[in-house]
Every structure is written in structure tokens, then in C-alpha cells.
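Those letters in the sequence shown? Residues 50 to 239, by this note's numbering.
Positions of the beta carbon are idealized from the N, C-alpha and C atoms, including for glycine.
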Amino acid sequence: MRLIGNSDELRLVKQLRNGDNGAMKEFYSHSAAYLKGVCSRYVTDRDAAKDVFQNALVRILTHITEFRYQGQGSLQAWATRIVVHEALRYLRDTRQHEMTVWDDDTMEVPEAEDPPIRDIPPEVIHQMVRQLPTGYRTVFNLYVIEDKSHEEIASLLGISVGTSSSQLHRAKHLLAEMIKAYNDKIEPPR
Numbered sequence: 050m051r052l053i054g055n056s057d058e059l060r061l062v063k064q065l066r067n068g069d070n071g072a073m074k075e076f077y078s079h080s081a082a083y084l085k086g087v088c089s090r091y092v093t094d095r096d097a098a099k100d101v102f103q104n105a106l107v108r109i110l111t112h113i114t115e116f117r118y119q120g121q122g123s124l125q126a127w128a129t130r131i132v133v134h135e136a137l138r139y140l141r142d143t144r145q146h147e148m149t150v151w152d153d154d155t156m157e158v159p160e161a162e163d164p165p166i167r168d169i170p171p172e173v174i175h176q177m178v179r180q181l182p183t184g185y186r187t188v189f190n191l192y193v194i195e196d197k198s199h200e201e202i203a204s205l206l207g208i209s210v211g212t213s214s215s216q217l218h219r220a221k222h223l224l225a226e227m228i229k230a231y232n233d234k235i236e237p238p239r
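#1: Output the boundary residues of the alpha helix (DSSP H) element that contains phenylalanine 116.
#2: Between which two residues does the alpha helix (DSSP H) carrying proline 171 extend?
#3: From this set, Leu124, Asp96, Cys88, which residue's C-alpha is nearest aspartate 57's C-alpha?
#4: Would the C-beta of alanine 136 count as close to the ligand MG, meaning under 7 Å from any of its heavy atoms?
#5: So what does DSSP say about threonine 143, is it helix, strand or coil?
#6: Please classify lysine 234: does DSSP put it in a helix, a strand, or coil?
#7: Which residues bound the alpha helix (DSSP H) around leucine 84?
#8: Is it true that the CB of tyrosine 83 sits closer than 8 Å to the CB of isoleucine 169?
#9: Give the DSSP-derived three-state secondary structure of aspartate 94 in the structure shown.
#10: From lysine 99 to proline 171, what does the alpha carbon distance come to, in whole angstroms?
#11: Taking DSSP as the reference, what is the three-state secondary structure of serine 12?
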């Protein structure tokens, strides 16, 4: 989302609250690409992601009166939370968020060393995250990107704190494997 200055953000919110169509177009032009990206971190099916984004946009515009300005960027943060909640609602309704629960004795995942990512383009990292199983991807995004605690994630997804923690651990392990494979492909062993 391109940054909107304080006065512009306040003006935009006021116009949105008044149902101004021009303000709706302005909000869309400033925020659509960013918010669609947020949505696609959770919902990998393109058509479903479009539907989830549309639902979130409608919710943002119909609930704009509930928004409380708290400084520059607060509109983006508020809109992002709505998109995330709509994506989680979709995953919950379609039962795609269900976590794979492993018996800790049958599947030990070793601690992975953080592989170097400095030379990997962000869009490749984004695609790797999208390849994670839904439960892993959901917990990873909530923990790493949205900065939620395992307690908050457990509450949002209706899972235990331990399940949230293990899903994150396994997501990091799979990502480390993907990154290592990518790095090995780019720089073959000598």
C-alpha cells in the first residue's frame, strides 16, 4: 500500500464514511495490490483469494465507521487485520486450516540451521511460503508476518498452543529445506 499522508488519510476516511465513490476508488487504488498480497499469503487458490478479498473490501467499506485513526498507517493496519480475518474465516469455513497433528515420538523434526536468503528474490520466498501445507502456512504467516503469539494463534484457529508451536516449527523446517534446495540449484556444489 502506498503511504498516504496523515491529512490525506484522515480526509480519505472522512470521505469513505460519507460514502464518497471517488474516495472508494482512491482507497482501492492505494490499497488493493497490498491487501490482495496479504490475502494470497493465506488463500492460495486464485479464485477463492479473489472472493475473500472482495468480501474483505466490502467489510472494510461497510465498517469504516468503526475505524479509529491512531496515526499514519493505522488505516492500512486496520484494513490488513480485516483481510487476515476474512482469509481465516474462509479457511475455517472450508476446513482448510486443519492442522496436521503428529505424534512427537513418530516425527522428530530437527532444528534447521537458517539458510542464507539474501540472494533469493522476495517473490521466490513468497512462493515458497505459499507451497507450505495450509496449516503450516497459516501459522507461519500469523506468527512471522502478523506478529501474533502462539496463544493468539491458538485462539484464532481453535487449536492448542502446542499445535501452533509445532506447526510453526515444521513450517520453518520445510522452508529451510526449500531455501537450501533453491540455493543448491543456483550455486551447485564445487
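Taking the structure as given:
#1: Here residue 116 refers to the residue found at position 67 of the sequence shown. Segment: none, phenylalanine 116 is in no alpha helix (DSSP H) and carries neither H nor E.
#2: Sequence index remark: in the sequence shown, residue 171 carries index 122 (1-based). Here the alpha helix (DSSP H) through proline 171 covers 171-180.
#3: Position 8 of the sequence shown holds residue 57. Out of Leu124, Asp96, Cys88, Leu124 has the C-alpha closest to the C-alpha of aspartate 57.
#4: The ligand MG is not part of this structure, which contains no ligands at all.
#5: The sequence position of residue 143 within the sequence shown is 94, counting from 1. Note: threonine 143 maps to coil in three-state DSSP.
#6: Counting from 1 along the sequence shown, the entry for residue 234 is found at position 185. DSSP places lysine 234 within a helical segment (H, G or I) once states are collapsed to three.
#7: Within the sequence shown, numbered from 1, the residue matching residue 84 stands at position 35. 70-91 is the extent of the alpha helix (DSSP H) around leucine 84.
#8: As a first step, residue 169 is located in the sequence shown; it is residue number 120 there, counting from the start. As a first step, residue 83 is located in the sequence shown; it is residue number 34 there, counting from the start. No, the Cβ-Cβ distance between isoleucine 169 and tyrosine 83 is not below 8 Å.
#9: Looking up residue 94 in the sequence shown gives position 45. Here aspartate 94 sits in coil by DSSP.
#10: Within the sequence shown, the letter at position 50 stands for residue 99. Within the sequence shown, the letter at position 122 stands for residue 171. For lysine 99 and proline 171, the distance between alpha carbons rounds to 22 Å.
#11: The structure shown does not extend to residue 12, since the chain is modelled only from 50 through 239, so no value can be given for it.
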